[in-house]
Amino acid sequence: MAVSFATFDRLKRKGITSYKSGDFLAAKTYLVDAAECMIELAESAKTPETQRQHEELAAELIDLAKDCDAKQGAVRRGRVKQSENEEDSGADASDWLVSEKPDISFDDIAGLEDVKDEIRVKMIYPFGHPELAKRYGIATGGGVLLYGPPGTGKTMIARAIAHEIDASFYVVSAAQMLSKWVGEAEQNIRKLFEAAKAQTRSIIFLDEAEALVPKRKSDSSSVMQRVVPQILQELEGFDRSGDHALLFVGATNKPWMLDEAVLRPGRLDAKIYVGLPDAPARFRLLEIYLGDRPLADDVEFGDLCDRLEGYSGADIKNIALQAAQRPFMEAVGGKEPRPINLADLSAVIDQTKPSVHSSDLVRYDTFAQEGK
């Protein structure tokens, strides 16, 4: 089956993200796969110029994939040397414990008004109205699990929470936490929470939470048997009073794979479902991803909204990109530049199935019912 630009773009983005986060093993795999996609696209290119551009891009990705080997080797040598020079203090976490102050707000997120309202009550209003929160016994801080299909904006929501309460934002991946070259996993977790607690307000965001807190009975790793209790212990240590607070936000596409203990009250107190975008959200997403691109007069966002029911935000972003690539590639091949028209969008939509299947949605509903 022929590859698509959407597949290439997804692999490339995952490769670049993994590369930037220091997960060079995963980055190499994604980058090689992306290069292979681009080579196949080059073979089917309509013009020699397009073929040349595709081949050059594939070569760049291969070079970056090769660089992953060198960087992974440097990481390995550095961690081994560091562990030899340090006794019980563990590895220096400063190279991967990086906080930021996101500038994205709830206003930048399309739709999801019910989700935003839940989060405001749980995590934002107690900070904005501390006296009322104290009077009614509403704690500041705590834990929230954002779950739902991939591509629905869970990471954006987590960043927006940090922005709304002016909190330092720590992004942590399972690969960083568990890497044997960074140090003992339990020490990494302790260092993470210590760094976050040192801030007036902070959020620890763990994407793909099921990778770090899986059901222990389903994981044969002895490391995970130690890691899960350590995380649970740290969660119990939340400061839930006063202006100084630590919040924990987990995001997962597979909530049923999480260890049951982390879902108990006092840990991830609230479980919030982040579903597929509704019609107003899809309209806003089209404005975001197509509004700044040249559009023909026959493109009506309202009509497109109906056709995109069942598509995730990530799906819509990819559809917009693929539609824009059609006139772009024509112009690269020597044709007169033209705007994106309805035919471009229709062709891409017809070729692109929603990434989330109805059976997946049923499973999320089942999880929600079981959690009540």
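Each residue of the sequence shown is one higher than the last, beginning at 17 in our numbering.
C-beta: ideal position from N, C-alpha, C; glycine also.
Going by DSSP, residue 20 is part of no beta strand (DSSP E) at all; its letter is neither H nor E. Per DSSP, reduced to three states, the secondary structure at residue 364 is helical. Contact between residue 268 and residue 330 is ruled out by a C-beta separation of about 16 Å, above the 8 Å threshold. Cβ contact annotation for residue 161 (same chain, cutoff 6 Å, sequence separation greater than five): 266, 284 and 287, in chain order. Note on geometry: alpha-carbon atoms of residue 349 and residue 62 lie some 8 Å from one another. The C-alpha of residue 270 lies about 47 Å from the C-alpha of residue 352. In the three-state scheme derived from DSSP, where H, G and I count as helix and E and B as strand, residue 329 is classed as helix.
Excluding five sequence positions before and after residue 42, the CB atoms of its chain that fall closer than 6 Å to its own CB belong to 34, given in chain order. Of all alpha-carbon atoms in 24, 211, 145 and 166, the one lying nearest the alpha-carbon of residue 156 is that of 145. Ranked by how close their Cα comes to the Cα of residue 131, the residues 153, 168 and 223 have 168 in first place. The three-state reading of DSSP puts residue 248 in helix, counting H, G and I together. The Cβ atoms of residue 184 and residue 136 lie no closer than 8 Å to each other. In the structure shown, residue 140 adopts helical secondary structure according to DSSP, grouped into three states. The three-state secondary structure of residue 152, taken from DSSP, is coil.
By the Cβ test, the stretch 270 to 280 is not in contact with the stretch 171 to 179, since fewer than three Cβ pairs between them sit closer than 8 Å. Between residue 141 and the set 118, 164 and 178, the nearest pair of CA atoms involves 178. By alpha-carbon distance to residue 48, the top candidate from 264, 79 and 22 is 79.
Judged by DSSP secondary structure, residue 375 falls within the alpha helix (DSSP H) whose first and last residues are 374 to 386. In this structure residue 307 is exposed. Its beta-carbon is surrounded by fewer than 16 other beta-carbon atoms within 10 angstroms. Residue pairing by DSSP places residue 187 opposite 221 in a beta bridge. Beta bridge pairing from DSSP links residue 356 with 311.
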